[in-house]
Amino acid sequence: MNIKKDGCIVKCEHCQCVSHDGHGGFDVQVPIRTDDKGVTGIARLHCAVSAEHHQVELVDWKDADDQPGTPPKEIQQRLSAALGFVADHRVCGNQKICPSAVIEIVEKHGKH
Numbered sequence: 057m058n059i060k061k062d063g064c065i066v067k068c069e070h071c072q073c074v075s076h077d078g079h080g081g082f083d084v085q086v087p088i089r090t091d092d093k094g095v096t097g098i099a100r101l102h103c104a105v106s107a108e109h110h111q112v113e114l115v116d117w118k119d120a121d122d123q124p125g126t127p128p129k130e131i132q133q134r135l136s137a138a139l140g141f142v143a144d145h146r147v148c149g150n151q152k153i154c155p156s157a158v159i160e161i162v163e164k165h166g167k168h
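Quick note: the sequence shown uses the working numbering, first residue 57, plus one each step.
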């Protein structure tokens with residue numbers, strides 16, 4: 057399942073949990089693409105979940121050739137809107153789209 061917001065597609069089915077801090081914070085890597093500009097890359101996101109809120113922010117970006125860099129400013133803005141949507145709707149931990157490691161973290165730290 058993908059999440060699409062403002063033409064930015066977060067390919068959740070390929071999300072991988074790469075680290076966690078044991079307190080509701082974790083990093084994931086997820087492929088991102090745009091539906092109109094053809095920009096693709098791998099985003100490393102830091103997620104923090106608690107009973108009160110979810111926060112998701114871009115930490116690192118690699119382009120389609122796996123080279124570190126920064127997405128174009130327009131894509132950063134679109135990605136920010138998509139990540140805001142994920143946080144606002146508490147998508148982190150969704151059993152239909154998230155890896156089991158993320159589900160476990162959110163179940164432990166993100167209960168309402």
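Just so you know, even glycine gets a beta-carbon here, dropped at the ideal spot from N, CA and C.
DSSP three-state assignment for residue i, whether helix, strand or coil
| i | result |
| --- | --- |
| Val-86 | strand |
| Cys-73 | strand |
Exposure label - residue i; buried when at least 16 CB within 10 Å
| i | result |
| --- | --- |
| Thr-90 | buried |
| His-79 | exposed |
| His-109 | exposed |
| Ala-99 | buried |
| Ala-138 | buried |
| Val-95 | buried |
Spatial distance of residue i from residue j (CA atoms)
| i | j | result |
| --- | --- | --- |
| Ile-159 | Gln-151 | 6 Å |
| Lys-61 | His-165 | 26 Å |
| Asp-92 | Cys-64 | 9 Å |
| Met-57 | Cys-68 | 6 Å |
| His-145 | Pro-128 | 26 Å |
| Val-66 | Ile-59 | 5 Å |
| Ser-222 | Pro-124 | The shown model of the chain, from 57 to 168, leaves out residue 222, and the question about it has no answer. |
| Gly-97 | Glu-130 | 14 Å |
| Pro-87 | Cys-154 | 13 Å |
| His-76 | Asp-119 | 24 Å |
Residues near residue i by beta carbon distance below 7 Å, same chain, minus five either side
| i | result |
| --- | --- |
| Val-84 | Cys-71, Gln-72, Cys-73, Val-74, Leu-101, Cys-103, Val-158 |
Close beta carbons around residue i, own chain, < 6 Å, minus the five adjacent residues each side
| i | result |
| --- | --- |
| Ala-143 | His-110, Gln-111, Val-112 |
Sequence-distant residues of its chain with Cβ nearer than 8 Å to residue i (five each side left out)
| i | result |
| --- | --- |
| Gly-149 | Val-105, Val-158, Ile-159, Ile-161, Val-162, Glu-163, Gly-166 |
| Thr-126 | Trp-117, Gln-132 |
| Phe-141 | Ile-59, Lys-61, Val-147 |
| Arg-134 | Lys-61, Asp-62, Gly-63, Cys-64, Thr-90 |
Those runs of the beta strand (DSSP E) which lie wholly inside the stretch 93 to 165 and span at least 3 residues: 96 to 105, 110 to 119
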